[in-house]
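Novice: Input: one structure, supplied below.
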Amino acid sequence: MTDAFAKHAAHLLKDIQDGPIRTGWHWLNYNFTPGTPEFVSVAHPTAMALAAGDAVMPGFAAEQVKRLESLGGTDRDMGHYRQIMSWYCEMLVIGHLASYQWPAEVTFAMEPVVGESEKNPEILIRLDDVGALGVEVKAPDLGRHQLNRKTNDWQLVGRVPADLADLDGGVTFPRDNPVKDFLISADAKFAGFRAADPAFRSVLVIVWDDFVNEPLTALMAPGSGLFTPNSFFQNNGKPVEFPNVDAALLVRHQHQVIEGLAGRKLGDGRQHLLDYGLPGQFPPPALVTNPFGQALPEEFLDSLHAVPAEKLSTAAEYNPSEIVMWFDTTPN
1 MTDAFAKHAA
11 HLLKDIQDGP
21 IRTGWHWLNY
31 NFTPGTPEFV
41 SVAHPTAMAL
51 AAGDAVMPGF
61 AAEQVKRLES
71 LGGTDRDMGH
81 YRQIMSWYCE
91 MLVIGHLASY
101 QWPAEVTFAM
111 EPVVGESEKN
121 PEILIRLDDV
131 GALGVEVKAP
141 DLGRHQLNRK
151 TNDWQLVGRV
161 PADLADLDGG
171 VTFPRDNPVK
181 DFLISADAKF
191 AGFRAADPAF
201 RSVLVIVWDD
211 FVNEPLTALM
221 APGSGLFTPN
231 SFFQNNGKPV
241 EFPNVDAALL
251 VRHQHQVIEG
261 LAGRKLGDGR
271 QHLLDYGLPG
281 QFPPPALVTN
291 PFGQALPEEF
301 LDSLHAVPAE
311 KLSTAAEYNP
321 SEIVMWFDTT
331 PN
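Now the structure itself:
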C-alpha cells in the first residue's frame, strides 16, 4: 500500500463522515463513528475497498458512496438495510478483484455497456493476452428464509415431487427462484458483450450465506437444476440454457456481512466484513460451470479463488440435496 493510496482512503473516509451517513439517520452511523469498535472493522475496510476500486476505475468511489449514502433518511428502514447488505456483498467481490495482483497488464471498466444496450454488468476486466471477463454480483434477500430454516421442521432444498401432507411440521420451500432470476438478468447483461467479442467470458457471482447447498441444488440438482437438462425453468418444453453466462460462483459471505455490521466476531478467519479470503482458505468459492457456456481461463479462476464444485463434493454442504429434516439439538 502506497502513501498516496493510504491518503486517498483517509480522504474518502473523511468525506463519508462529513456526509449524510453521520449527519442524519443511517444504519451505518455508528459504524462510521470514530472510537467505536466497528469504526475499525467496518469504516476502514470500506474506505480501503473504495480506494482500491478508484485506483482502477476513477470515479468508482464517488458513485458507490453516493449510492450508500442514499440508503438512509428513514429510521430503521429494513429495505435500506437489505440494500446496504447487498452493497457490501458487491463491494466484497469488486474490492477484491481491484486489489488483486494480476499476472499481466489489466484494465477495469465500471458498469460497462456495449452497442445500444442499456444493460450492464458490475465490471468488465480486460487482461492482456487472456481476454475480457464480465462480472455480475448478486446477493438474494435471505431474511425470511433464514428465519424459516430456524423455525420449520422440514426444508425442501430442491424441487421434488414430495407430498407436503406427508410431512409433519412446518416446511421451508426452496430459494431457487432468485437464482433463476439472477441468471436471466446476467444473461441479458452479458449478451451484447458476447455478440461483440466471441472470446468474451462471464461469471455471475452469487453471495449466499453458509447454506451453500441451497444455490448448488438450484443449479446442479439432477432432477431440476438450472444448469441441467431437467431444469425447472423451461421454454416450450426445453430448458433455458443462459448461453451468455459461462459460470456461477457461489460465495459464502452474507452472514459475515451481517455479523460484521453488528460488530460481532466473524468466522472462518475473516478479519472484517470485506475480507474475501486467501487462496485455499475455507470456505472456498464454489464454481458451477454452465454446460452451455464457455470455459473460463485459469487466470480468471485464480483471481476469484474459484474451486470447481465437483472437487468439493466430499463436504456435505457442497452437495446438492433435496430435503432436510431439522432437529433441535439445544441442550435441555
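For the sequence shown, our numbering assigns the number 1 to the initial residue and increments by one for each residue that follows. Glycine included, C-beta positions come from ideal geometry on N, C-alpha and C. Bear in mind the structure is a predicted one, so any value in this text is a computation, not a measurement.
Just curious, the beta strand (DSSP E) that T289 is in, first and last residue?
Specialist: Run containing T289: A286 to T289, per the beta strand (DSSP E) assignment.
Novice: Is there contact here, the region 233-250 with the region 12-25, by at least three beta-carbon pairs under 8 Å?
Specialist: Result no; under three Cβ-Cβ pairs closer than 8 Å.
Novice: May I have the straight-line CA-CA distance separating N319 from D3, to the nearest angstrom?
Specialist: Cα to Cα, N319 sits roughly 45 Å from D3.
Novice: Tell me which residues share the same chain as T107 and place their Cβ nearer than 7 Å to its Cβ, disregarding the 5 neighbours each side in the sequence.
Specialist: So the list reads R126, once near-sequence residues are dropped.
Novice: Could you tell me the boundaries of the alpha helix (DSSP H) in which E317 lies?
Specialist: Unbroken run through E317: none, as it is neither H nor E.
Novice: Output the residue ranges of the alpha helix (DSSP H) runs that lie fully inside the region 250-308 and measure 4 residues or longer, sorted by chain position.
Specialist: Listed in chain order, they are 254-261 and 298-304.
Novice: Let me confirm a value: H8 is counted as buried when at least 16 other C-beta atoms fall within 10 Å, else exposed. Which label applies?
Specialist: Answer is buried; the Cβ neighbour count reaches 16.
Novice: Pull up the DSSP beta-bridge partners for I125, would you.
Specialist: Partner(s): F108 and L133.
Novice: Work out the CA separation of Q101 and D141 for me, nearest whole Å.
Specialist: Approximately 32 Å between the Cα atoms of the pair.
Novice: For A186, which of I123, G170 and R144 has the nearest alpha-carbon?
Specialist: For A186, the nearest C-alpha among the options comes from I123.
Novice: Could you give the distance in angstroms between the alpha-carbon of N213 and the alpha-carbon of G158?
Specialist: When rounded, the distance between both Cα atoms is 10 Å.
Novice: Would you decide whether K189 is buried or exposed? Buried here means 16 or more other CB atoms lie within 10 Å of its CB.
Specialist: Buried: at least 16 other Cβ atoms inside 10 Å.
Novice: On a Cα-Cα basis, can you pick out the residue from S70, H80, P58 and G293 that is closest to A191?
Specialist: Checked all of S70, H80, P58 and G293; the closest Cα to A191 is G293.
Novice: Give a yes or no on whether 7 Å exceeds the smallest Cβ distance from V205 to chain B.
Specialist: In the structure shown, chain B does not exist; there is a single protein chain.
Novice: Could you say if the region 40-52 and the region 258-270 meet the contact criterion of at least three C-beta pairs nearer than 8 Å?
Specialist: Touching, yes.
Novice: Should the region 295-313 be called in touch with the region 192-208, which here means at least 3 C-beta pairs below 8 Å?
Specialist: Yes: at least three Cβ pairs fall under 8 Å.
Novice: Between the beta-carbon of V137 and the beta-carbon of V93, is there less than 7 Å?
Specialist: Yes, the Cβ-Cβ distance between V137 and V93 is below 7 Å.
Novice: Starting from V205 and walking both ways along the beta strand (DSSP E), at which residues does that stretch end?
Specialist: Its beta strand (DSSP E) spans residues R201 to W208.
Novice: Count the CB pairs spanning the region 269-280 and the region 77-92 that are closer than 8 Å, and state whether there are at least three.
Specialist: Yes, they touch.
Novice: Under the DSSP definition of a beta bridge, which residues are partnered with W239?
Specialist: The sequence given here places Pro at residue 239; Trp does not occur at that position. Paired residues: Q234.
Novice: Classify P331 as buried or exposed, calling it buried when 16 or more other Cβ atoms lie within 10 Å of its own Cβ.
Specialist: Note that P331 has pLDDT 47, beneath the 50 cutoff, so the model's placement of it is unreliable and the number below is only indicative. P331 comes out exposed.
Novice: Counting C-beta neighbours from all protein chains within 10 Å, is the total for R76 16 or more, i.e. buried, or is it exposed?
Specialist: By the neighbour-count rule (16 or more Cβ atoms within 10 Å), R76 is not buried but exposed.
Novice: Compute the Euclidean distance between the alpha carbons of N152 and H255, then round it to the nearest angstrom.
Specialist: Near 20 Å, if we compare the C-alpha coordinates of H255 and N152.
Novice: Counting only the same chain and skipping the five closest in sequence on each side, list residues whose C-beta sits under 8 Å from that of P222.
Specialist: Excluding sequence neighbours, P222 sits near T228, N230 and P320.
Novice: Is L156 helix, strand or coil by DSSP?
Specialist: Correct three-state label for L156: strand.
Novice: Do L12 and A61 have their C-beta atoms closer together than 7 Å?
Specialist: In contact: L12 and A61 (Cβ atoms closer than 7 Å).
Novice: Between R175, V207 and N177, which lies nearest to L250 when the distance is taken from Cα to Cα?
Specialist: Measuring from the Cα of L250, the nearest candidate turns out to be V207.
Novice: Flag this pair as yes or no: are the beta carbons of A98 and V56 separated by less than 7 Å?
Specialist: Taking 7 Å as the Cβ cut-off, A98 and V56 qualify as a contacting pair.
Novice: Thinking C-beta only, is A52 closer than 7 Å to G95?
Specialist: Cβ distance < 7 Å, so G95 and A52 count as in contact.
Novice: Going by DSSP in three states, T172 sits in which element: helix, strand or coil?
Specialist: Of the three classes helix, strand and coil, the one that applies to T172 here is strand, per DSSP.
Novice: Measuring straight from C-alpha to C-alpha, what distance separates L68 and I84?
Specialist: If you take the alpha carbons of L68 and I84, they lie about 7 Å apart.
Novice: Please classify P37 as buried or exposed, where buried requires at least 16 neighbouring CB atoms within 10 angstroms.
Specialist: Exposed: under 16 other Cβ atoms inside 10 Å.
Novice: Between V113 and V240, what straight-line distance do the alpha-carbon atoms span, to the nearest angstrom?
Specialist: Approximately 24 Å between the Cα atoms of the pair.
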